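Protein chains in written order, with the UniProt record's numbering: chain A, 1 to 256; chain B, 1 to 256; chain C, 1 to 306; chain D, 1 to 306. Beta carbons are placed, not taken as given, at the ideal position from N, Cα and C, and that holds for glycine. Everything numeric in this text was worked out from a predicted model, so none of it was measured. Let me begin by presenting the structure, written as structure tokens, before commenting on it.
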Amino acid sequence: MKYIENCTVNKNEKIIDDIYRMELKSNKIVKDSKAGQFLEIKVNNLNYPLLRRPISINEINLDENLLVIYYKTVGKGTKILSQVKKGEKLSVVGPLGNGFDTSYEGLNIGIVGGGIGIAPLVELAKSLYQKNNVNIYLGFNDKPYLINRLNELSNIVKVSTVSGSYGYKGFITEVLEKDIKEGNLDLLYACGPKGMLKKIKDIAKEFNIRCQVSLEERMGCGIGACLGCSIEVNGQMKKVCVDGPVFWSNEVNLDE
Amino acid sequence: MKYIENCTVNKNEKIIDDIYRMELKSNKIVKDSKAGQFLEIKVNNLNYPLLRRPISINEINLDENLLVIYYKTVGKGTKILSQVKKGEKLSVVGPLGNGFDTSYEGLNIGIVGGGIGIAPLVELAKSLYQKNNVNIYLGFNDKPYLINRLNELSNIVKVSTVSGSYGYKGFITEVLEKDIKEGNLDLLYACGPKGMLKKIKDIAKEFNIRCQVSLEERMGCGIGACLGCSIEVNGQMKKVCVDGPVFWSNEVNLDE
Amino acid sequence: MSKKVDTSVNLNGLILKNPIMTASGTFGFGKEYEDFMDISKLGAVVVKGLTLKPKKGNKTPRIAETPSGILNSIGLENPGVEHFIKEELSYLKRKGMTVIANIAGNTIEEYCEMARILNDTECDAIEMNISCPNVKKGGVAFGTDKDVVYKITSEVKNNLDKPLIVKLSPNVTDIKEIAKSVEKGGADCLSLINTLIGMAVDIKTRRPILKNNIGGLSGPAIKPVALRMVWQVSNTVNIPIIGMGGITSIEDVIEFLLVGANAVAIGTGNFINPAINSELVDKLEEYLIDNNISNVNELVGKIEPY
Amino acid sequence: MSKKVDTSVNLNGLILKNPIMTASGTFGFGKEYEDFMDISKLGAVVVKGLTLKPKKGNKTPRIAETPSGILNSIGLENPGVEHFIKEELSYLKRKGMTVIANIAGNTIEEYCEMARILNDTECDAIEMNISCPNVKKGGVAFGTDKDVVYKITSEVKNNLDKPLIVKLSPNVTDIKEIAKSVEKGGADCLSLINTLIGMAVDIKTRRPILKNNIGGLSGPAIKPVALRMVWQVSNTVNIPIIGMGGITSIEDVIEFLLVGANAVAIGTGNFINPAINSELVDKLEEYLIDNNISNVNELVGKIEPY
Ligand SMILES: Cc1cc2nc3c(=O)[nH]c(=O)nc-3n(C[C@H](O)[C@H](O)[C@H](O)COP(=O)(O)OP(=O)(O)OC[C@H]3O[C@@H](n4cnc5c(N)ncnc54)[C@H](O)[C@@H]3O)c2cc1C
Ligand SMILES: Cc1cc2nc3c(=O)[nH]c(=O)nc-3n(C[C@H](O)[C@H](O)[C@H](O)COP(=O)(O)OP(=O)(O)OC[C@H]3O[C@@H](n4cnc5c(N)ncnc54)[C@H](O)[C@@H]3O)c2cc1C
Ligand SMILES: Cc1cc2nc3c(=O)[nH]c(=O)nc-3n(C[C@H](O)[C@H](O)[C@H](O)COP(=O)(O)O)c2cc1C
Ligand SMILES: Cc1cc2nc3c(=O)[nH]c(=O)nc-3n(C[C@H](O)[C@H](O)[C@H](O)COP(=O)(O)O)c2cc1C
Ligand code: FES
Ligand code: FES
């Protein structure tokens with residue numbers, strides 16, 4: 001079930017540079033949410049910016065009825081979001097999308113994230129950890145974040161930065177590829193920039209590993225009504241907002 | 001000289017019902033301002049609402065570099081203004097308009113205000129009081145405001161309310177007319193709803209008293225460039241934003 | 001609410017329990033909104049634009065945001081008219097809803113064939129989109145030439161017993177002229193406006209934001225143009241008008257009724273508030289009660305121009 | 001700024017030191033903005049639309065706000081072309097500015113007469129407004145019929161030695177066709193877009209907000225339509241284009257240049273930020289430096305469509 005809910009902002013703080021963390025109080029959406037789903041947030045109550053902004057769920061906190069999100073300020077909408085104060089209310093539609101398929105046990109799992117795409121991996125790790133052996137691979141440009149939280153929810157976290165300021169210097173897919181070659185990953189999950197997803201899709205194909213990728217697409221409605229986000233999946237039109245955002249990497253075309 | 005200035009909001013508080021008072025810190029505009037002039041305020045930094053809002057100067061406080069305004073929440077712009085917090089900044093253009101002509105001494109002056117039109121009369125009374133005998137006439141629907149402040153700046157303040165909750169029950173123009181008949185007013189100043197201004201114009205004409213009225217018009221630029229606010233004054237096109245907002249009542253047509 | 005008000009409207013024989021409709025292409029086939037409201041409250045549902053055969057539409061990105069508006073270049077992705085009849089129509093009819101099928105074709109004959117097919121179904125009326133700016137061989141020419149508009153309207157009408165609504169493109173020099181041709185062609189009702197043609201640019205990549213380069217502009221930004229066109233057309237023709245373009249509030253609804261719309265449709269507004277359609281049904285009733293208006297039709301065309 | 005960049009543009013012989021201009025009707029005769037900036041920094045000033053005789057314009061209200069836009073129905077209030085020449089032109093020329101006189105007429109002969117009068121002055125070019133939607137007997141017909149557009153352009157050009165810029169109305173079915181007629185008629189440059197025709201309604205009084213009932217829509221709301229039209233026209237004609245419609249930021253300026261505008265004009269943006277024009281001159285220079293572009297013309301038309 002999807003809801004429109006007026007959520008009170010419980011916290012809104014800068015994490016590093018242009019990345020912010022927000023806690024939203026929720027009574028309805030929080031109860032139906034799962035890893036990999038997203039919210040459509042109206043950043044103010046004006047007709048400008050007009051559309052809601054799609055933001056992934058970072059964590060579902062059922063004890064305190066909180067939905068946590070991480071977002072990067074890239075344009076008008078996210079900049080306005082970063083100025084919202086504790087106690088203010090935001091209109092949120094959710095939970096949206098299919099989420100990750102986490103019905104697995106006893107597997108060697110690789111979770112790969114890049115940049116702001118790391119946000120939804122926390123709830124994902126939560127739902128896989130302990131039932132599986134969870135290896136997390138995180139790629140940053142320069143400054144890492146969320147590493148401590150993910151350490152609590154996995155067997156190992158490996159980090160790379162392009163600048164070399166932390167962890168391996170280079171792309172995280174290089175670390176992943178090395179591990180796959182040496183070790184034994186049964187299943188991959190990935191979220192991050194398109195270039196990274198392409199590379200992971202190729203790796204998954206080469207080594208014949210199943211891989212779920214979370215995609216982004218410009219959205220009108222977020223609920224399957226406008227067909228703004230349709231992509232071809234296995235020859236059929238699928239909506240990123242309801243049939244995704246998570247797809248099997250071998251079924252989607254990432255080259256366009 | 002007109003300026004664009006980023007003014008910090010020093011105070012923003014509700015006075016009664018839908019009437020708010022705001023103090024703006026100003027270093028430039030405040031120095032060149034006079035009674036009857038106005039400001040063009042951008043209520044947020046978005047393209048919606050698009051235009052600046054014209055608001056009269058209520059008081060000029062040169063000691064503390066403050067511009068005070070009173071405003072009524074009638075639509076989107078003023079509603080957003082009412083939510084601005086102390087410490088935030090607003091882009092203000094001003095001082096705009098001709099202001100009242102206050103170059104008079106030793107006269108029996110009547111200052112008449114209705115509703116939110118009372119706001120600019122404070123600075124006006126300040127500039128006339130003590131050089132003249134200042135009688136103030138204020139008309140409200142129900143709840144009065146600014147009476148105490150105006151009492152400090154005048155010889156007498158007379159008040160009416162339509163509801164009868166305070167002062168004379170009825171229109172303030174009735175009180176004014178009675179005083180004119182009995183006493184001896186040499187000069188009138190008026191600001192308020194069009195209906196009130198029309199009545200005062202008629203009274204001024206009947207008793208042959210000179211009268212300055214402050215008008216409102218929908219504005220584009222506020223600085224004389226767009227011709228959005230042009231009205232015919234004595235057969236010539238005049239701009240409310242630069243040639244006004246104050247005109248001699250006998251020269252303007254208030255019937256349209 | 002104790003007092004009863006009459007919100008029903010009669011669009012030349014097509015009776016709606018209230019004048020609040022959904023705009024084609026923004027409400028899917030209705031189901032998508034069922035988590036947010038009881039869709040059977042609505043005056044009518046106009047479904048996504050249908051073509052004779054299924055269509056995959058344009059490549060993404062298909063949506064771009066603009067100041068108080070959006071551009072779309074969906075390109076009429078739809079499962080085809082047959083699929084609609086089999087899978088979607090009966091579901092909506094079982095809920096007792098008034099369903100309007102929006103159709104788009106590449107040739108007059110295609111429009112006529114779809115009209116014939118839909119004529120034998122439970123759908124309540126057909127809205128003919130002669131204005132979709134996204135399909136290269138399609139809409140544009142049909143919607144902008146008054147003679148073609150007359151021809152297509154009269155031919156489709158000949159193939160149809162159900163009410164025919166013709167939806168106009170705003171991308172024309174003289175909307176009144178087009179509206180007159182539609183009326184002459186025998187349409188029962190007009191619907192306006194479709195989207196204005198626009199473009200958005202990404203200065204970082206130096207490419208258009210839409211893969212289709214251009215798209216249709218909708219949302220609050222276009223409301224002034226829509227109001228003007230509805231007003232001009234309502235002063236020109238005698239058939240009823242469904243007004244749309246940028247509606248996001250009850251005040252917007254009243255504005256459209258005042259300038260002469262007999263009913264209104266909400267498009268982009270659904271994306272901002274997915275419950276807007278049913279909220280507007282309630283708010284319209286409240287507005288009528290608060291303003292002592294017993295029948296919504298009393299508002300239609302009641303603007304007093306200068 | 002140490003590095004030097006070249007911001008000058010050549011509009012078919014009319015050379016501007018930078019491509020930032022003011023849009024007619026939004027910048028008065030220039031003086032109004034002198035408290036806010038050094039107006040001599042601007043590429044050119046396009047003055048308020050002039051008519052042969054002084055005009056009082058329409059009744060107020062003449063301005064209405066709409067979502068991310070405004071409607072205006074000034075109705076060409078102006079002191080007449082003779083007054084302009086005597087009182088305003090020399091002042092601007094003494095500041096070394098490039099001054100473009102915008103003209104509007106009721107007949108082709110009136111346009112020609114104004115062209116002849118202005119030809120003998122110091123003004124640098126003439127922008128012919130064939131699109132003002134506010135004057136009932138005027139603009140509309142001229143700007144929307146391609147044959148009339150050809151005729152008026154060529155006749156005015158015959159009466160003029162100075163560069164002739166023709167300003168197009170967006171309220172047409174096919175802007176490319178009109179642009180071609182203007183080019184064929186011998187114009188040196190095109191300017192687009194003028195305002196879209198719109199309407200705003202006050203539901204409390206049940207009257208239009210504008211005394212003129214309808215008005216011209218400008219501001220950010222129309223930017224997508226303006227970009228699309230500039231793009232289409234720049235792909236159609238070979239004369240330079242001055243692009244405008246909703247510019248309020250340097251990003252907007254770059255968008256217009258990319259889709260093919262050789263220069264840009266800022267209209268409604270002046271009302272929101274009265275210093276915007278001179279700020280954009282600085283920001284354009286910064287943008288070029290930051291992006292390692294040595295000449296602004298390198299941006300013109302550099303969009304890569306799909
Ligand atoms: C399913 C999904 C989940 C996402 N999760 C997150 C998240 O957890 N944290 C985060 O920081 N970002 C996330 N994004 C990206 C985020 O939606 C955009 O960064 C954001 O919409 C940009 O808005 P803006 O106003 O700041 O930028 P602008 O560029 O001003 O936005 C203009 C328009 O483009 C759209 N847009 C711009 N970038 C994107 C994008 N990458 N994807 C989709 N639409 C876009 C906006 O929604 C808006 O409609 C997600 C996107 C999707 C589709
Ligand atoms: C010279 C002058 C001085 C003013 N001084 C004051 C003052 O001191 N306190 C105060 O409360 N109000 C004052 N007003 C009126 C004030 O400008 C409007 O109430 C305000 O602009 C409404 O904005 P809104 O967004 O809330 O309403 P909306 O109705 O949403 O505004 C829509 C548009 O109409 C314009 N508009 C609406 N009402 C008026 C109006 N009465 N006059 C001019 N434009 C209007 C707005 O500026 C805006 O462009 C003054 C107006 C003028 C012209
Ligand atoms: C995403 C989207 C898809 C649309 N698809 C169609 C369509 O298939 N057929 C049609 O006639 N109109 C279509 N339209 C136009 C709308 O029905 C409506 O005429 C227009 O958007 C103006 O209304 P609005 O401003 O309320 O959105 C579409 C609009 C949008 C935004
Ligand atoms: C108040 C106002 C007055 C205008 N007057 C004229 C005019 O006299 N002549 C003209 O050619 N265009 C006139 N225009 C149109 C502008 O020059 C410009 O083409 C249009 O506003 C689009 O640009 P913008 O969105 O930046 O305002 C006027 C626009 C406004 C807002
Ligand atoms: S965003 Fe509307 S269908 Fe996906
Ligand atoms: S508001 Fe622009 S001239 Fe007065």
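Problem set entry | Neighbour list for residue 77(D) in chain B, Cβ cutoff strictly below 7 Å | One finds 227, 230 and 237 in chain B with Cβ atoms closer than 7 Å to the Cβ of residue 77(D), taken in chain order.
Exercise. Taking 8 Å as the line, does the beta carbon of residue 312(C) fall inside it for any heavy atom of ligand 3?
Worked result: Residue 312(C) cannot be examined here, being either before or after the span of chain C that is shown, 1 to 306.
For this session: Could you tell me if the beta carbon of residue 55(B) falls within a distance shorter than 8 Å of some heavy atom in ligand 6?
Result: Flag unset: Cβ of residue 55(B) not near ligand 6.
Exercise. So which residues on chain A does residue 38(C) lean against when the C-beta distance must stay under 8 Å?
Worked result: The premise fails here: residue 38(C) is roughly 14 Å from chain A at the closest Cβ pair, so nothing lies under 8 Å.
For this session: Identify the continuous alpha helix (DSSP H) that holds residue 8(A) and give its terminal residues.
Result: Here residue 8(A) belongs to no alpha helix (DSSP H); instead the beta strand (DSSP E) covers 3–16.
For this session: May I ask you to verify whether the segment 226–238 of chain D touches the segment 86–94 of chain D, counting CB pairs closer than 8 Å and requiring at least 3?
Result: As far as the Cβ criterion goes, the segment 226–238 of chain D does not touch the segment 86–94 of chain D, which means the pair count is below three.
Problem set entry | Neighbour-count burial assignment, residue 165(B), 16 or more Cβ in a 10 Å radius | Residue 165(B) comes out exposed.
For this session: Give the residues from the UniProt domain "FAD-binding FR-type" (2–102) of chain A that approach chain C closer than 8 Å (Cβ to any Cβ), ordered along the chain.
Result: Result list: 2, 3, 4, 42, 47, 48, 49, 50, 51, 52, 91 and 93.
Exercise. Just the Cα atoms here: how many angstroms apart are residue 278(D) and residue 218(A)?
Worked result: Answer to the nearest angstrom: the Cα atoms are 35 Å apart.
Exercise. Nearest CA to the CA of residue 48(B): which residue from 48(D), 246(D), 288(D) and 285(D)?
Worked result: For residue 48(B), the nearest C-alpha among the options comes from 246(D).
Exercise. Anyone know if the C-beta pair for residue 144(B) and residue 214(B) falls short of 9 Å?
Worked result: No, the Cβ-Cβ distance between residue 144(B) and residue 214(B) is not below 9 Å.
Exercise. Can you tell me where the beta strand (DSSP E) with residue 23(A) in it begins and where it stops?
Worked result: Here the beta strand (DSSP E) through residue 23(A) covers 19–25.
Problem set entry | Distance CB(residue 190(B))-CB(residue 196(B)) smaller than 9 Å | In this structure, residue 196(B) lies closer than 9 Å to residue 190(B) by Cβ.
For this session: Please go through the segment 164–210 of chain D and give each complete alpha helix (DSSP H) segment of 4 or more residues, from N-terminal end onward.
Result: Secondary structure in the segment 164–210 of chain D: the alpha helix (DSSP H) runs of 4 residues or longer, each lying completely within the stretch, are 175–184 in chain order.
For this session: Please confirm whether residue 8(D) and residue 14(D) have their CB atoms less than 9 Å apart.
Result: No, these two residues do not count as a Cβ contact at 9 Å.
Exercise. When the Cα of residue 139(A) is compared with those of 170(A), 177(A), 211(A) and 44(A), which residue comes out closest?
Worked result: Of the candidates 170(A), 177(A), 211(A) and 44(A), 170(A) places its Cα closest to the Cα of residue 139(A).
Problem set entry | Residues of the segment 196–217 of chain B with Cβ closer than 7 Å to any Cβ of chain D, in chain order | Cβ contacts with chain D come from 217.
Exercise. What residue from 39(D), 164(D) and 156(D) has the CA that sits closest to residue 94(D)'s CA?
Worked result: The shortest CA-to-CA distance from residue 94(D) to any of 39(D), 164(D) and 156(D) is the one to 39(D).
Exercise. Of the choices 127(D), 194(D), 214(D) and 300(D), whose alpha-carbon is the least far from that of residue 206(C)?
Worked result: Scanning 127(D), 194(D), 214(D) and 300(D) for the CA closest to the CA of residue 206(C) turns up 300(D).
Exercise. Residue 139(C) to residue 203(C), Cα distance in whole Å?
Worked result: At residue 139(C) the pLDDT is 41, less than 50, meaning the model places this residue with poor confidence; the figure from the coordinates comes in the next sentence. Taking the straight line from one Cα to the other gives about 30 Å.
For this session: State yes or no: is the C-beta of residue 61(B) within less than 9 Å of the C-beta of residue 88(B)?
Result: No.
For this session: Check the Cβ of residue 223(A) against every Cβ in chain C and list those closer than 7 Å, keeping chain order.
Result: Those are 32 and 274, listed as they occur along chain C.
Problem set entry | Same chain only: Cβ atoms within 6 Å of residue 156(A), ignoring 5 sequence neighbours per side | Short of 6 Å from the beta carbon of residue 156(A), and not among the five residues preceding or following it, lie these beta carbons of its own chain, in chain order: 135.
For this session: Taking all protein chains shown into account, decide if residue 34(D) is buried (16 or more other Cβ within 10 angstroms of its Cβ) or exposed.
Result: Residue 34(D) comes out exposed.
Exercise. Relative to the alpha-carbon of residue 92(C), which residue among 186(C), 180(C) and 32(C) has its alpha-carbon at the smallest distance?
Worked result: Closest by alpha carbon: 32(C).
Exercise. Unbroken alpha helix (DSSP H) runs of length 4 or more, entirely within the segment 101–163 of chain B: which are they?
Worked result: Within the segment 101–163 of chain B, complete alpha helix (DSSP H) segments of at least 4 residues are found at 121–128 and 147–152, given in chain order.
Exercise. With a cut-off of 9 Å, does the C-beta of residue 236(C) fall near any C-beta of chain D?
Worked result: Taking Cβ atoms only, chain D never reaches closer than 9 Å to residue 236(C), which makes this a no.
Exercise. Start and end of the alpha helix (DSSP H) containing residue 155(C)?
Worked result: Element bounds for residue 155(C): 146–158.
Exercise. For residue 85(A), which option in 226(A), 247(A), 9(A) and 254(A) has the closest C-alpha, if you only look at C-alpha atoms?
Worked result: Ranking 226(A), 247(A), 9(A) and 254(A) by Cα distance to residue 85(A) puts 9(A) first.
Exercise. Applying the criterion that 16 or more other CB atoms from any shown protein chain within 10 Å of the CB defines a buried residue, is residue 19(B) buried or exposed?
Worked result: Flag for residue 19(B) reads buried.
For this session: Ignoring anything shorter than 3 residues or poking outside the segment 62–126 of chain C, list the beta strand (DSSP E) runs there in chain order.
Result: Counting whole runs of 3 or more residues, the segment 62–126 of chain C contains the beta strand (DSSP E) stretches 63–66, 69–72 and 99–103.
Exercise. Where do the N-terminal and C-terminal ends of the alpha helix (DSSP H) with residue 277(D) fall, by residue?
Worked result: Unbroken alpha helix (DSSP H) run through residue 277(D): 276–290.
Problem set entry | Contact set for residue 208(C): own chain, Cβ-Cβ below 8 Å, skip 5 residues either direction | Here the set comprises 199, 200, 201, 202 and 214.
Exercise. Quick one: which chain C residues come within Cβ less than 9 Å of residue 152(A)?
Worked result: The premise fails here: residue 152(A) is roughly 34 Å from chain C at the closest Cβ pair, so nothing lies under 9 Å.
Exercise. Chain A beta carbons: is any one of them nearer than 9 Å to that of residue 27(C)?
Worked result: Yes, contact with chain A.
For this session: Leaving aside the five residues before and after residue 275(D) along the sequence, list all residues of the same chain whose C-beta is less than 6 Å from its C-beta, in chain order.
Result: Close CB contacts of residue 275(D) within its chain, under the 6 Å cut and outside five residues either way in sequence, are with 36 and 37 (chain order).
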